[in-house]
Amino acid sequence: MVYITPEQYDEAYQKIVDDAVGRHGSVLILVSADPDALCALKVLLTLLKDDSVTYHMIPVAGYDDLRRVNRVWFHGGARTHGSGTVQGPTNPELRSVICLNCGGTADLAELFDIPELVTFYVIDCHRPFYLYNLFSHPQIIVFDDGETDEGLEIVKQAFFRLENGAPAPAEALRESGPPKRSRSPGSQSDEEVDDGEGSDTGRSPPARRRRTGTDSDVAAGPGAADGDEPLNPDGDTNEVDPDRVDLSDLSPGACRHIIAEYYEQGHYAGQSTAVTLYMLSLQLSRENPDMLWYAIVGLTHQFIFEQIDEEDYWSQVQVYTDEVERDTAAPSSSSSLNMHVKRVTQPNGIRYSEEFKFMLLRHWSLYNSMHYSRYLSTRLGIWSDRGRRLLSLMLAKMGFSLSDAHQIYIHMSPENKTRLRTKLDQVAPDYGCDDLVFPSFVRSFGWRKGSQLSASDVVHSLVALLKGNESQSDWQGIVPWRAAPDGPSGDVLAPPTKSEQDTAWLQGFYTAYDSLGDLDLIQSGIQLAMKFQRAIVQQGISIIERRSVKTLKSFRLAVLTDNQPLFHHPLTLTQLVMFLADATQNHQNHKRSASLPFVIASFNPIKNTYLVVGLLGDTHGPNKKSSSDTPGDHHNPFGVAFQKTAERTGARTKHDSFESSVVEIVGPDLSNFVEYLHLYL
């Protein structure tokens, strides 16, 4: 068994539990630092604790952390290597390694010396999956969301033809598992940013492997089909239609081309990892309202960061609306369009709600929520005097005085709250804001004031807590940070740290995790999120006022040359580029220019590097208008483009993030890198 369908999640979990019987610490959990992974972790740990399974949990920020885990946990352990067997793992009782939102797009057999008694379980929303993880290693089990069986048949057949010289047997992937591949000795990686820990930690995540030799070598990444023979005598290698091609007659060159196209489709998001774990809890008949809420928050994180499109999001919201109605005692007839949801029978009840696209409205003033929301501020052009006047005029037409609008929302009069939605529906279309709400959910945490949170509130809080300690001097006193554990005390083991920066992000990780069970911490995160949003919008306004956005042939570019530690974090820089992209798209008359992708680079003088984030143009999230676009429109090409550009230019880069559209570039190499980037977009 190599990948499993949703119907088999419970079988894989039962194997984890069975392998833990009579052993202490048989499970190692590697968790990415993002809200979806945190929510998935909460569900998973609840299940494991109920089954009395002991575990170690390690937060991981990138591929360097995975390599360190390999050195600490597996070097010197009984592991298979080539045709021989060497010494056992650091923990001889270890049997299961669970990867949450990490590892799915990388070659795990390359990153880890996998012991012969250990199985890796990959639950990762990042796509596309690395094909060897899916098809070729019996000790790696990937939790698939159904995409592989539904959409990857031709890729699967091409993979097996190159590996075995014949099509995949009908039941090969379900029963016996495909044969192991041979490891190529001397796989090389791009020259990268030196992190001071030697060549071992400077390698890029092996989401691609170059192979040479016989036709049985499988192309394992973008560009691998260059120079291969064409699919047909006419030389047409641009597209392969599985309905017209006899898969059994595919040539090796055609197979390599199919696999190269699979990797070159760009990064996109699959099923939320928290949703996957919630589906597991349903199969085990052990779901509860907390798990349902974590799944909703994980899904909402994907939507807010525009990783999935509206059609996919809305279809999943409908599923969870049914779940909420089934699992809670809350009445479903009352709408919360006016943000004034009635108290429900259960103090921790979840209910459907249509949410305004104003950030953190329940916790901010109406004016600030509108002014700093990406949706409204980028449409009104809040960076100009005219845009600010439009906001004041909009409120006046709605019948809200500035004094009312500057009140904290929970202190506004019930009358104003009640008429807010009606007035917005009447006035907002005149300002290009005719799509003001999106479907979501709210949850009540007891009866105290301010204890009702929307799923998007929690997402913003988690994001702020995860990155908040990066600039501790600026935000000190807002959040009671929890320090990372020193060692394997209890159930948690922090990875070895190499600098104070490691300790900082670990503090943010543990605080964010704790906040999922602590309303006061969530509220602290919300306060921090407000401060971050102010800084992001102010920085965006400064960039626009200075006319620092350059429109190039294939993308827009903004470069931050000042030392601004806040924007050295990928999450904050991503939020800034999303604001700038919306601003330019909403105020660009030329349709093609408006839909251009956006690249932003932030300089870190201490490391002499630029952190670079690439954003797909014209995406559709909670801040965009309704669209009928397909999931394919959310394929971000920057991971492939960054890799090819680095190879073309020789730029010193480091691809350490699990998000392929984030890369670090040595300062002097940025200019040449940008010059050639357009060739691959």
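Using full-length UniProt numbering, the letters of the sequence shown correspond one by one to residues 1 to 681.
All C-beta atoms, glycine included, are put in the ideal place defined by N, C-alpha and C.
Between the CA atoms of Val442 and Thr321 - distance to the nearest angstrom: Looking at the two C-alpha atoms, the distance is approximately 11 Å.
Residue of Leu670, Ala583, Ser602 and Phe555 minimising C-alpha distance to Asn636: Residue Phe555 is the option with its Cα nearest to Asn636.
Pro252 to Glu261 span [Cα, whole Å]: If you take the alpha carbons of Pro252 and Glu261, they lie about 14 Å apart.
Exposed unless 16 or more other CB atoms sit within 10 angstroms - verdict on residue 682: Not covered by the structure: residue 682. The range shown for the chain is 1 to 681.
Asp145 and Gln271 closer than 8 Å at C-beta: It is a contact, given that the beta carbons lie within the stated cut-off.
Per DSSP, cross-strand counterpart(s) of Glu147: DSSP lists no beta-bridge partner residue for Glu147.
Reduced DSSP category for His126 - H, G, I as helix; E, B as strand; rest coil: Correct three-state label for His126: strand.
Unbroken alpha helix (DSSP H) run spanning Leu393, endpoints: In the DSSP annotation of this structure, the continuous segment of the alpha helix (DSSP H) that includes Leu393 starts and ends at Asp385 to Met398.
Range of the contiguous alpha helix (DSSP H) that encloses Ala535: That run of the alpha helix (DSSP H) goes Leu519 to Glu545.
Cβ separation of Ala396 and Tyr367, assumed to be a contact under 8 Å, to the nearest whole Å: Actually they do not touch by this definition, with Cβ atoms about 12 Å apart.
Segment limits, alpha helix (DSSP H) that includes Ala641: From DSSP, the alpha helix (DSSP H) with Ala641 extends over Phe638 to Thr649.
Identified DSSP bridge partners for Ser454: Partner(s): Val442.
Of the listed residues Lys654, Arg374 and Met370, nearest to residue 725 (C-alpha basis): Shown here, the chain extends from 1 to 681; a query on residue 725 therefore has no answer.
Extent of the continuous alpha helix (DSSP H) to which Ile304 belongs: That run of the alpha helix (DSSP H) goes Pro289 to Ile304.
Within 8 Å, strictly: CB atoms of Leu162 and Ile140: Taking 8 Å as the cut-off, the beta carbon of Leu162 is found no closer than this to the beta carbon of Ile140.
Contact set for Ile4: own chain, Cβ-Cβ below 8 Å, skip 5 residues either direction: Listed in chain order, the non-local C-beta contacts of Ile4 below 8 Å within the same chain comprise Glu11, Ala12, Ile141, Val142, Phe143 and Asp144, local neighbours out to five positions each way being set aside.
Pair within 8 Å by beta-carbon distance, Pro570 and Ser657: Taking 8 Å as the Cβ cut-off, Pro570 and Ser657 qualify as a contacting pair.
Contact belief for Gly104 with Val122 at Cβ below 8 Å, rounded distance in angstroms: Correct: roughly 5 Å between the Cβ atoms.
Assigned secondary structure, residue 698 (DSSP; H/G/I helix, E/B strand, else coil): In the structure as shown, the chain starts at 1 and stops at 681, and residue 698 therefore has no counterpart that could be examined.
Residue burial classification, Thr561 (beta-carbon count within 10 angstroms, cutoff 16): Only exposed fits Thr561, as fewer than 16 other CB atoms lie within 10 angstroms of its CB.
Classification of Gly349 by the beta-carbon crowding that lies within 10 angstroms, buried from 16 upward: Burial call: buried.
Cα-Cα separation, Ala61 to Leu380: One alpha carbon belongs to Ala61, the other to Leu380, and they sit about 36 Å apart.
C-alpha gap between Leu66 and Ser136, whole angstroms: Rounded to the nearest angstrom, the two C-alpha atoms are 21 Å apart.
Residue nearest to Ser52 in terms of C-alpha spacing, selected from Val21, Leu250, Gln265 and Pro59: Per the Cα distances, Val21.
Distance cut-off 7 Å: Arg67 Cβ against heavy atoms of the ligand ZN: As presented, the structure is devoid of all ligands, the ligand ZN included, so that no description of it is given.
DSSP beta-bridge partners of Glu664: Answer is Leu611 and Lys654.
Residue from Val2, Leu250 and Cys39 whose Cα sits closest to the Cα of Phe129: Nearest option by C-alpha distance: Val2.
Best match in Leu615, Gly540, Ala274 and Arg351 for proximity to Leu596 [C-alpha to C-alpha]: Scanning Leu615, Gly540, Ala274 and Arg351 for the CA closest to the CA of Leu596 turns up Leu615.
Pairwise C-alpha distance: Gln283 and Leu670: So the two alpha carbons sit approximately 50 Å from each other.
Beta-carbon proximity of Arg386 to Phe579, cut-off 8 Å: No, they are not a contact pair.
Cut-off 7 Å between Cβ atoms - residues of its own chain near Gln476, not counting five sequence neighbours on either side: Residue placement at Gln476 is flagged as unreliable, the pLDDT there being 43, under the threshold of 50; the coordinate-derived value follows with that caveat. So no residue of the chain qualifies.
Leu420 to Met530 span [Cα, whole Å]: Straight-line Cα distance between these residues: approximately 22 Å.
Same chain, Cβ closer than 7 Å to residue 691, five either side skipped, listed in chain order: In the structure displayed, the chain extends from 1 to 681; residue 691 sits before or after that span and is not available.
Pair within 8 Å by beta-carbon distance, Ser26 and Asp36: Contact: no.
Option in His257, Asp514, Tyr294 and Pro605 with minimal Cα separation from Gln157: In this structure, His257 is the residue among His257, Asp514, Tyr294 and Pro605 with its C-alpha nearest to the C-alpha of Gln157.
Span separating the alpha-carbon of Glu664 from that of Gln643: Straight-line Cα distance between these residues: approximately 11 Å.
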